[in-house]
Amino acid sequence: MTSLPEVPTDELLNFQDFPTGSEQHTVRIETTNPSLTIDNFDKKEDYKEDNETKTKSFWTLEYYQQFFDIDTDEVLHRIFASINPKEPLGLKLETKPDLYGPFWITITLIFTIAVSGNMASYLHKADVNYHWKYDFHLVSYAATAIISYICIVPSAIWFSLKWTIPPTDVDLTRIPSIFKIMCLYGYSLFIYIPISILWTVQIVWFQWLLVIFAASLSGSVLLLALYPSLRLSNFKLIFAFAIILCHFFLALSFMLYFFHVPNHPPTNVSSPHPLINVPFSHSINKTGNA
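The following block contains the structure:
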């Protein structure tokens with residue numbers, strides 16, 4: 001068995017002094033792995049959230065809870081974008097469409113149209129001997145028209161895009177979901193809330209001007225938001241014309257049914273028992289004969 005060489009004790013305890021420099025040295029570490037970057041980390045988190053959303057059942061409340069998870073500031077920004085064609089409403093709804101804003105816009109519009117419609121009827125008949133009464137049926141009529149429009153038209157657009165766009169991987173990613181289209185249409189109805197109040201002004205040409213203005217403004221916002229998907233279809237011109245036509249028809253229906261001023265004045269209320277004018281002298285003669 002070989003023995004290890006002995007080391008002198010002086011060499012073991014030989015300490016050295018190293019000079020301390022005043023310069024500060026920095027170490028730079030470069031990462032070449034793209035999976036470690038912050039952007040990709042955020043994308044992975046978003047992808048993880050999307051997968052969690054997709055795993056939720058359509059018939060559970062957790063699935064619809066995501067569409068109401070939004071703050072007030074974001075709703076106000078989307079409302080402003082719905083009346084400003086320069087603001088890309090479609091991009092604001094690209095990542096996270098919501099149903100909270102469209103829900104309250106729809107409810108507010110229903111009651112605004114009902115109240116303003118009754119107010120317009122009262123103002124038109126106020127200067128006539130007419131017994132006016134509040135029409136509560138306007139609430140149900142407005143609710144039926146608005147809810148049917150916001151459900152049927154977006155569903156028809158979604159099914160039409162599914163059938164007319166070629167089924168490629170790139171195109172399928174550009175087709176908006178049915179909830180996103182409903183969200184777009186819900187926010188596009190906001191313009192009719194102030195317009196319905198202005199429709200109470202009983203001037204025919206002013207009412208028609210409001211119809212054209214509201215339908216053109218909100219319709220252009222819808223077209224700009226849906227254009228990335230519409231341009232992939234061979235029937236994009238037909239779809240664009242149908243969207244504008246339906247939006248104009250909705251505004252026209254609101255004005256004609258709830259606010260339009262008729263050409264003929266309202267008829268006076270006749271008494272069920274009309275009074276017969278009897279001459280005063282004739283009544284005296286009948287009293288004397290009696």
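Following full-length UniProt numbering, the numbering of the sequence shown begins with 1 at its first residue and continues without gaps.
Where is the CB? At the ideal position from N, CA and C, for every residue including glycine.
Please list the terminal residues of the continuous alpha helix (DSSP H) segment that includes phenylalanine 136. In the sequence shown, the residue the question calls residue 136 occupies position 136. Taken as a continuous stretch (DSSP letters only), phenylalanine 136 belongs to no alpha helix (DSSP H), as it is neither H nor E.
Does the distance from the CB of serine 188 to the CB of serine 82 come in under 9 Å? Against the sequence shown, residue 188 aligns to sequence position 188. Against the sequence shown, residue 82 aligns to sequence position 82. Yes, the pair counts as a contact, with Cβ atoms nearer than the cut-off.
Cβ-based burial, histidine 137 [other Cβ within 10 Å; buried from 16]: Translated into positions along the sequence shown, residue 137 becomes position 137. Exposed, since its Cβ has fewer than 16 Cβ neighbours within 10 Å.
With respect to the alpha helix (DSSP H) encompassing aspartate 73, which residues constitute its N-terminal and C-terminal limits? Sequence index remark: in the sequence shown, residue 73 carries index 73 (1-based). Element bounds for aspartate 73: 72 to 82.
Hey, how far is the Cα of leucine 184 from the Cα of serine 140? Start at 1 with the first residue of the sequence shown, and residue 184 comes out as number 184. Start at 1 with the first residue of the sequence shown, and residue 140 comes out as number 140. Near 23 Å, if we compare the C-alpha coordinates of serine 140 and leucine 184.
Let's see if you can read the secondary structure: which residues bound the alpha helix (DSSP H) around isoleucine 238? Stepping through the sequence shown from its first residue, residue 238 is reached at position 238. Its alpha helix (DSSP H) spans residues 236 to 254.
With DSSP run on the structure shown, which of helix, strand or coil describes leucine 207? Counted from its first residue, the sequence shown places residue 207 at position 207. The residue asked about is misnamed: residue 207 is glutamine in this sequence, not leucine. DSSP places glutamine 207 in helix when its eight states are reduced to three.
Helix, strand or coil for threonine 164, going by three-state DSSP, please let me know. Position 164 of the sequence shown, counting from 1, holds the residue named residue 164. DSSP places threonine 164 in helix when its eight states are reduced to three.
Looking at alanine 142 and isoleucine 181, is the spacing between their C-beta atoms short of 9 Å? Numbered from 1 along the sequence shown, position 181 holds the residue referred to as residue 181. Numbered from 1 along the sequence shown, position 142 holds the residue referred to as residue 142. No, the pair does not count as a contact, with Cβ atoms beyond the cut-off.
From residue 293 to threonine 164, what does the alpha carbon distance come to, in whole angstroms? Limits of the chain in this structure are 1 at one end and 290 at the other, which puts residue 293 out of reach.
DSSP three-state call for leucine 232: helix, strand or coil? On the sequence shown, position 232 is the one that residue 232 refers to. Note: leucine 232 maps to coil in three-state DSSP.
Classify residue 303: buried if its beta carbon has 16 or more other beta carbons within 10 angstroms, exposed otherwise. The requested residue 303 does not occur in the structure, where the chain is confined to residues 1 to 290.
Can you tell me whether tryptophan 106 is buried or exposed? The criterion is at least 16 other CB atoms within 10 Å of its CB, across all chains shown. Against the sequence shown, residue 106 aligns to sequence position 106. Position check: residue 106 holds threonine in this sequence, whereas tryptophan was assumed. It counts as buried.
Which of the three DSSP states is assigned to isoleucine 113 in this structure? What you label residue 113 is simply residue 113 of the sequence shown in a count that begins at 1. Three-state DSSP puts isoleucine 113 in a helix.
The alpha helix (DSSP H) enclosing isoleucine 193, as first and last residue numbers: Within the sequence shown, residue 193 is the residue found at index 193, counting from 1. Residues 192 to 198.
With 16 as the cutoff for other CB atoms within 10 Å, does leucine 226 come out buried or exposed? What you label residue 226 is simply residue 226 of the sequence shown in a count that begins at 1. Flag for leucine 226 reads buried.
Pick from Gly117, Lys86, Ile175 and Arg78 that is closest to serine 233, judged by C-alpha positions: For the purposes of this step, residue 233 is identified with residue 233 of the sequence shown, where counting begins at 1. Cα-wise, what sits closest to serine 233 is Ile175.
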